[in-house]
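Quick note on numbering: the sequence shown equals residues 0 to 48 in numbering that gives the first Met the number 0.
Just so you know, even glycine gets a beta-carbon here, dropped at the ideal spot from N, CA and C.
Keep in mind that this is a model prediction, so the values were computed, not measured.
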Amino acid sequence: MDWTPLDINTPAERDAVCLALYHAGYTVRQRRRKDGNKTVIYIEYRRET
0 MDWTPLDINT PAERDAVCLA LYHAGYTVRQ RRRKDGNKTV IYIEYRRET
């Protein structure tokens with residue numbers, strides 16, 4: 000199963016969404032990518048089978 004990315008800018012909102020997804024049975028990870036000169040932090044999630 001593929002990872003689904005979510006772009007959430009605020010760290011507190013990212014943490015809340017990660018926690019909610021984790022409690023709902025999803026595997027969640029935070030990733031970083033370069034977007035020009037800035038680094039974008041985003042989360043990815045997928046359902047464990």
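- Between Leu20 and Arg46, the alpha-carbon positions lie close to 9 angstroms from each other.
- With 16 or more neighbouring CB atoms inside 10 Å of its own CB, Ile42 falls in the buried class.
- Scanning Lys37, Met0, Gly35, Gln29 for the CA closest to the CA of Ile7 turns up Gln29.
- Annotation for Glu47: no alpha helix (DSSP H) segment contains it, and DSSP assigns it neither H nor E.
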